[in-house]
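Under UniProt numbering, think of the first position of the sequence shown as 1, with each following residue one higher. Where is the CB? At the ideal position from N, CA and C, for every residue including glycine. These notes concern the structure reproduced below.
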Amino acid sequence: MQAALTPDVLIVGAGVAGLACGVALSDAGLRVTVVERSALLGGRAASWREPTTGVTVDIGPHVLTSEHHNLLALMRRLGTETQVLWQPQPLITLLDEDRRLAMRGSRLPPPLHGLPNLPQALKSVSWRDLWSNRRVAWRALRINEQQSLELDEIDARQWLQDMGVRADFIEWFWRPACLAILNVPLERCSATALVRVFRLMAGRNGYCFGFPKQGLADLYAPGCRGVIEAAGGQVLLNTEVKQVLLRDGRFDAVVLADGSRLQARSAVVAVPPENLAEMAPPDWREIDPAPTLAAQLEPCPYVSSYLWFDRKLTRQHFWARTWSPGDLNLDFYDLSNIREGDTEAGAETPSLIASNSIYAHAAAELSDDEIVRRTVAEIAEFAPEAAQARVVHADVHRISMAVVCPQPGTETARPAAATPFENLWLAGDWTRTGLPSSMESAARSGALAAEQAGAWLGRPLLAAQPVPETRGLPAMLRSRSLS
């Protein structure tokens with residue numbers, strides 16, 4: 001397959017990173033061709049219409065945050081920012097055994113914004129447990145990104161123990177938080193990754209969660225395609241790249257699955273790491289560690305279930321469980337309370353509940369029926385009506401990779417956008433963005449790659465939003481520690 005005109009930039013991959021990159025370059029007046037091996041746009045954030053019910057579903061339900069500055073900037077560019085349902089209060093509802101803990105956001109200056117949740121936390125842990133985190137908080141709030149990278153070889157659980165955090169608090173708070181935010185158990189997580197997240201949680205206030213009112217990919221994928229095509233570019237689906245070709249130390253072309261070649265002045269490879277490892281030729285591997293690293297990274301699998309019930313079960317947007325051994329799912333979303341629909345006035349929409357089983361190696365051995373049965377039982381612990389309700393339809397999605405596992409040693413090894421080749425760049429949530437692997441990291445990586453490609457092509461642009469920094473007292477402490 002050949003493009004009608006030689007593009008300025010060839011982008012391999014039409015996930016969040018590739019499409020964000022394509023929009024930024026198109027806005028700079030460059031002609032872009034995006035190639036995607038799937039029939040769907042969106043990569044690991046794709047959506048489609050479920051055939052039995054006709055409802056749009058995602059690979060798995062995703063939550064946005066008000067701190068997703070790059071993703072929100074992209075949505076503003078596309079005019080879809082109003083299609084997010086924001087939940088200022090409560091911040092999140094936690095199911096802790098038989099207790100519902102409504103954790104609230106606060107406008108108090110950091111780190112005091114956590115104080116309103118102390119009464120809720122003390123229902124489950126002691127003052128002694130909370131006080132045991134003082135060294136963690138002091139260290140995390142004073143260091144910057146570069147200093148946090150010095151902790152990369154230590155696993156998060158060991159670091160918490162070394163800092164004196166009590167075991168009960170580690171299991172009650174840090175373990176489910178690590179699974180929910182970083183998608184791995186504490187023992188498999190770099191201390192750098194954990195500190196990075198905690199520093200921003202403790203050093204910023206006023207953040208909240210948001211939920212797509214429609215399919216997740218509908219927030220960005222059609223709009224990105226429209227921008228790229230309006231600028232003279234194109235998006236080619238069902239177009240698999242088998243290999244990147246280099247010549248004289250520069251990007252030359254890609255070889256497609258049908259054996260044809262697609263050339264461009266430059267290229268951005270915005271694919272998951274295992275795909276980069278497959279398409280990088282030997283001459284790339286010889287001088288750049290990125291493809292070899294990509295082959296060694298561990299993917300985090302998850303299972304997402306969509307259950308259509310015959311009645312309304314909750315009024316909640318979402319809730320999460322304080323994880324314990326034996327649990328299947330971590331977070332739950334009642335999409336009937338989130339998605340915009342055309343239900344008749346006065347009618348009550350039956351619940352459509354989506355859930356996520358994170359780092360789901362054990363779930364791989366379960367049948368779909370067993371996953372549905374266990375998911376219904378866990379929903380009933382929060383919404384007892386589920387025990388008597390009928391599941392009208394169920395859809396179980398098994399996803400081989402949600403994100404790359406942030407194992408010890410991987411945070412310092414994440415590759416930058418630049419490669420040793422002057423007209424070839426990388427993008428993806430797993431590259432070096434200063435953020436955890438996520439949709440926001442993907443959007444920022446696409447913007448960073450676009451800035452470098454645009455500069456090389458003589459079209460300088462500013463696309464990437466900065467990584468959020470701490471405010472209030474934490475910012476003052478960090479400033480003093482650096483002076």
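Which whole-angstrom value describes the C-beta separation of residue i and residue j, a residue pair presumed to lie in contact below a C-beta threshold of 8 Å?
i           : j           : result
residue 195 : residue 140 : 5 Å
residue 353 : residue 309 : 7 Å
residue 461 : residue 251 : Contact flag wrong, Cβ pair sits at about 20 Å.
residue 321 : residue 74  : 31 Å between Cβ atoms; not a contact.
residue 294 : residue 273 : 4 Å
residue 254 : residue 284 : Their Cβ separation, rounded to whole angstroms, is 12 Å, which puts residue 254 and residue 284 out of contact at 8 Å.
residue 44  : residue 240 : In fact, because the Cβ distance is near 17 Å, the residues do not count as touching under 8 Å.
residue 463 : residue 270 : With 8 Å as the limit, residue 463 and residue 270 do not qualify as a contact, their Cβ atoms being about 14 Å apart.
residue 16  : residue 416 : No, residue 16 and residue 416 are not in contact; Cβ-Cβ is about 18 Å, not under 8 Å.
residue 267 : residue 10  : 4 Å
residue 376 : residue 386 : 6 Å
residue 159 : residue 297 : In fact, because the Cβ distance is near 21 Å, the residues do not count as touching under 8 Å.
residue 166 : residue 218 : Between residue 218 and residue 166 the Cβ distance is about 45 Å, and since that is not below 8 Å, they are no contact.
residue 152 : residue 187 : Actually they are not in contact, since the Cβ atoms of residue 152 and residue 187 sit about 15 Å apart, beyond 8 Å.
Where does residue i fall in DSSP's three states?
i           : result
residue 356 : strand
residue 343 : Any reading at residue 343 is ruled out, since the residue's pLDDT is 44, under 50, leaving its predicted position unreliable.
residue 323 : coil
residue 375 : helix
residue 147 : helix
residue 103 : strand
residue 3   : Its pLDDT being 44, under 50, residue 3 is placed unreliably by the model, and the measurement read from it follows with that caveat. Coil at residue 3, not helix or strand.
residue 141 : helix
residue 26  : helix
residue 417 : coil
residue 53  : coil
residue 86  : strand
residue 69  : helix
residue 74  : helix
residue 42  : strand
residue 113 : helix
residue 157 : helix
residue 404 : strand
residue 299 : strand
residue 15  : strand
residue 33  : strand
residue 63  : coil
residue 461 : coil
residue 136 : helix
residue 130 : helix
residue 471 : coil
residue 108 : coil
residue 10  : strand
residue 310 : coil
residue 466 : coil
residue 369 : helix
residue 58  : strand
The beta strand (DSSP E) spanning residue i covers which residue range?
i           : result
residue 243 : 241 to 247
residue 181 : No beta strand (DSSP E) contains residue 181, which is instead part of the alpha helix (DSSP H) from 175 to 182.
residue 92  : 92 to 96
residue 38  : Unbroken run through residue 38: none, as it is neither H nor E.
residue 172 : First-last for residue 172: undefined, no H or E at that position.
residue 398 : 391 to 399
residue 430 : Looking at the DSSP string, residue 430 is not in any beta strand (DSSP E), and its letter there is neither H nor E.
Can you have a look at residue i and say buried or exposed, based on whether 16 or more other CB atoms are within 10 angstroms of its CB?
i           : result
residue 204 : buried
residue 1   : Confidence in residue 1 is poor, its pLDDT being 42 and thus under 50, which makes the residue's placement too unreliable to answer from.
residue 39  : exposed
residue 365 : exposed
residue 342 : Residue placement at residue 342 cannot be trusted, given a pLDDT of 43 that sits under 50; what the coordinates show is reported in the next sentence. Exposed.
residue 98  : exposed
residue 323 : buried
residue 362 : exposed
residue 400 : exposed
residue 393 : exposed
residue 316 : buried
residue 340 : exposed
residue 172 : buried
residue 345 : Reliability of the predicted coordinates at residue 345 is poor, the pLDDT of 43 falling under 50, and no value is obtained from them.
residue 486 : Nothing about residue 486 can be read from this structure; the chain reaches only from 1 to 483.
residue 476 : exposed
residue 238 : exposed
Could you pull the start and end residues of the alpha helix (DSSP H) that residue i belongs to?
i           : result
residue 442 : 439 to 456
residue 331 : Segment 331 to 334 is the beta strand (DSSP E) holding residue 331; no alpha helix (DSSP H) there.
residue 426 : First-last for residue 426: 424 to 426, but that is the beta strand (DSSP E), not the alpha helix (DSSP H).
residue 283 : 282 to 285
residue 121 : 118 to 121
Give the list of continuous beta strand (DSSP E) stretches no shorter than 3 residues that lie fully inside the stretch 193 to 280. 209 to 212, 234 to 236, 241 to 247, 250 to 256, 261 to 263, 266 to 269
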